Ligand code: G3H
Ligand code: ZN
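In my numbering, the protein residues as written are 31 to 316.
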């Protein structure tokens, strides 16, 4: 069933695992991720960035497509459709009214007070609709769609500010930027685990780790032990899909039927997502 993230993340925090947010880029992603979740018996969060939502034809199209696929597949595991890095109150409202069950309001580039007041406004509307809300503090480096944060701008969240934001906004989960990056890492990721522990002790909502692509298993496990119960993955599925499609097109230069070259890409996304669900510990938890 289509649900908010609230309960699945609280269960994850309680039982020591994380639920994956896997981003959608087109219908093949929705197919691959829903199939993976059902086969792994795992709760799942379908992440939709504003750019990807637009690419797929708009938020309403995304919701209708996901609902139809879930009906077709007879999906039994909990599924949330979540706006990833919502940039404004208007965009969050649009997603909520289109049927999203969860939204992120990313006010991380604003001064603290402005981030808090914007997040409060979104929470007020979202909770009226039973929709969960994620907020962010600090700045996650790298690039996702139009969201670009260069090395100099990337910043670690300050624990006392995290406590203030979470207490004053009543968000359902919280993403403190602690050195993770959107897209591939340059070298080994250097996550701020000491600060993560501090934040965990100051706030009681589940924590979110963005930039899940390329984080070693030991760091994933450490993050989970420090209160992280949502991990976002996008680039890794894209790399797997592109590699598979490229291989088929290179091996068989004469094919043109999209089913023949996109199909293997979809299988590659599915395998990637299933691997992450096992790694995050959410398999067999639905
Ligand atoms: O918000 C989306 C995620 O943080 C994705 O990060 O593309 O590095 O896996 P990633
Ligand atoms: Zn992110």
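Each residue gets a CB set at the ideal place from its N, CA and C atoms; glycine is no exception.
Please read all numbers here as calculations on a predicted model, not as lab measurements.
Helix, strand or coil at residue 173 according to DSSP, with G and I counted as helix: strand
Short Cβ contact (8 Å threshold) for residue 132 with residue 92: no
Straight-line Cα distance separating residue 243 from residue 215: 8 Å
Closest Cα partner of residue 35 within the set 109, 70 and 199: That would be 109, whose Cα lies nearest to the Cα of residue 35.
Contained beta strand (DSSP E) runs [length at least 3] in the stretch 184-232, N- to C-terminal order: 203-206
Proximity test, residue 77 beta-carbon vs the ligand G3H heavy atom, cut-off 7 Å: yes
Beta carbon of residue 192 nearer than 8 Å to that of residue 238: Going by C-beta atoms, residue 192 is not nearer than 8 Å to residue 238.
Limits of the beta strand (DSSP E) - the one that residue 259 falls within: 258-263
Which residues DSSP lists as bridging residue 134, in chain order: 164
Buried/exposed call for residue 258, threshold 16 Cβ in 10 Å: buried
Distance cut-off 7 Å: residue 335 Cβ against heavy atoms of the ligand ZN: As displayed, the chain neither begins before 31 nor continues past 316, which places residue 335 out of reach and without an answer.
C-beta contact flag for residue 182 and residue 169 at 8 Å: no
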